[in-house]
Amino acid sequence: MLEWLIVGGGVQGSYLSHVLTARMGVARDSLRVIDPHPDPLARWQQTTQACGMRFLRSPAAHHIGLSTNELLDFARARSRNWQREFLQPYLRPSLELWNAHAKHVLETHRLAELRIQGQVTGITRLPSGYCVSSSAGELRSRSVILALGNSQPLHYPALPDGQPLNDERIMHMYDPRFSPAMIRPGERVAIIGSGVSAAQLAISLVSAADNEVLILTDRMPVLSWFDSDPGWNGPRLLERLRAIADMEERQRIVGGARIRGSFPGDTAASLLACSMQGRLAIKHGSLLGILRNGGELQLDLGEDILSTDRVILATGFSTEPPSGPLLDRISKVLDLPRSSQGWPVVNGNCEWSSGLYLSGALAQLELGPVARNISGVRSFARILASET
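Following this note's numbering, the numbering of the sequence shown begins with 30 at its first residue and continues without gaps.
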């Protein structure tokens with residue numbers, strides 16, 4: 030029997046496997062990470078490439094190494110001009126640097142060797158742990174961590190029934206099938222969305238290819254360096270949240286704390302520069318429908334019709350409670366508590382049941398709005414290290 034099984038091998042699962050083995054002394058043969066992808070951080074690589082990210086929104090302290098300054102030290106060691114790898118304020122690292130450091134951590138600590146490729150289908154209790162069913166067979170472990178990343182479905186605009194929202198020329202940015210390489214030079218591209226991902230992709234397309242880009246947004250841009258108050262990264266706001274016994278009130282606070290549809294000041298400056306070049310337009314309006322007219326797509330905005338060659342939905346993930354066959358099956362079989370809105374109710378150690386831990390968005394009633402971010406899993410790791 031394993032001591033620890035981590036379900037999910039993305040940024041959060043990879044970091045937790047590093048913490049458990051290198052900091053908490055868990056024997057390597059007592060820990061495994063199960064994930065459907067063959068390589069660590071596969072979904073991270075796909076989503077960051079899809080939105081054309083160049084610099085992270087989070088500061089240099091948020092990475093998969095153990096030491097807070099590890100990413101900074103890595104940057105200094107590999108280049109005399111290391112400052113160019115960061116944006117001010119808050120020392121936000123380039124994606125290339127962050128990925129290089131993550132690769133270094135994964136290889137140095139041989140974390141890929143801990144992985145099992147497989148899809149988890151269910152969890153049942155054992156007298157001294159859990160039995161995890163998967164496409165790779167049954168796994169038994171005393172403790173299990175669900176590190177499923179963003180387990181909420183993609184959010185699509187509400188359009189009349191029957192209108193296409195998922196084909197070769199109309200696709201969600203975070204659909205695993207989407208890649209910016211699909212966009213042909215010279216195509217007119219309409220990006221539907223209002224946040225940092227929409228802005229990053231627009232900047233990337235204008236900078237790298239001969240495309241005319243339109244951002245269609247139904248709200249005024251919101252400038253914010255982070256997607257929630259930085260106070261959620263420490264005890265100041267988290268202690269207030271944890272003092273609230275009513276889980277519905279916690280959910281209301283967490284839901285209102287995320288600054289959706291926002292982007293930092295440097296992104297706004299880049300958008301303005303692209304707009305001044307005449308290759309990027311930003312239009313405010315609500316998308317009412319998408320029509321096909323020969324070889325082009327027409328966006329129905331009510332009082333206006335816009336023509337384009339390709340539509341990319343940068344509308345993020347659903348804000349609804351996480352669901353899906355796996356989570357629903359686990360909560361039903363193990364009879365686990367959920368709020369009236371469907372969010373898992375965990376204890377102060379982020380346990381949904383004794384020995385069954387939640388990381389990421391699933392633990393947001395305990396970790397706050399940063400739960401789904403890199404800083405959220407680092408907070409969870411501190412709880413884990415102090416509790417075990």
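Each residue gets a CB set at the ideal place from its N, CA and C atoms; glycine is no exception.
When we look at the beta-carbon of residue i and count the other beta-carbons within 10 Å, is it buried (16 or more) or exposed?
i: H313; result: exposed
i: D196; result: exposed
i: P214; result: exposed
i: A79; result: buried
i: A90; result: buried
i: Y185; result: exposed
i: S382; result: buried
i: V134; result: buried
i: R72; result: buried
i: I334; result: exposed
i: N179; result: buried
i: D58; result: exposed
Apart from the five residues on each side of it in sequence, which residues of its chain come closer than 6 angstroms, Cβ to Cβ, to residue i?
i: L300; result: A228
i: V235; result: V242, C303, R308 and L309
i: S336; result: E325 and Q327
i: S164; result: G147 and Q148
i: P182; result: S347
i: S253; result: I288 and S291
i: G38; result: V62, D64, P69 and R144
i: L385; result: V173
Please go through the same chain and pick out, in chain order, the residues whose beta-carbon is closer than 7 angstroms to the beta-carbon of residue i, but skip the five residues on each side of it.
i: P88; result: Y119, L120 and R121
i: G318; result: L188, P189, Q192 and D329
i: L116; result: F84 and D295
i: A104; result: W111, E114 and L126
i: S404; result: S87, H91 and N262
i: I273; result: R279
i: Y203; result: T76, A79 and L183
Closest to residue i by C-alpha separation, out of the options, would be which residue?
i: E325; options: M53, V62, L356 and I199; result: I199
i: A210; options: G222, E136 and D239; result: D239
i: L194; options: L320, S315 and G263; result: L320
i: E167; options: A176, L155 and L177; result: L155
i: E419; options: Q393, K132 and F255; result: Any question about residue 419 goes unanswered here, given that the chain covers just 30 to 417.
i: I212; options: G54, A237 and G42; result: A237
i: V40; options: S415, S408 and N402; result: N402
i: W33; options: Q74, A129 and A176; result: A176
i: G371; options: G377, D357 and E380; result: D357
i: Y159; options: S415, R407, M305 and M30; result: M30
Is the shortest distance between the beta-carbon of residue i and the beta-carbons of chain C less than 9 angstroms?
i: F255; result: Note that chain C does not occur in the displayed structure, where there is just one protein chain.
Does at least one heavy atom of the ligand ADP sit under 8 angstroms from the Cβ of residue i?
i: E268; result: Inclusion of the ligand ADP in the displayed structure is not the case, the ligand content being empty and no account of it being possible.
Quick one: residues in its chain with C-beta nearer than 8 angstroms to the C-beta of residue i, no 5 flanking neighbours on either side, listed in chain order?
i: G224; result: R289, G290, S291, F292, A343 and G345
i: E278; result: none
i: V362; result: G151, I152 and T153
i: L316; result: P186, L188, I221, L245, D247, L328, D329 and L330
Which partner residues does residue i have in the DSSP bridge list?
i: S291; result: V251
i: K312; result: L245
i: A410; result: Answer by DSSP bridge pairing: none, since A410 is not bridged.
i: H47; result: The partner list for H47 (beta bridge, DSSP) is empty, contrary to what the question assumes.
i: A297; result: The partner list for A297 (beta bridge, DSSP) is empty, contrary to what the question assumes.
* Below 8 angstroms, can you find three or more Cβ-Cβ pairs linking the region 389-400 to the region 276-296? -> yes
* Does the region 131-148 come close enough to the region 50-64 that 3 or more CB-CB pairs lie under 8 angstroms? -> yes
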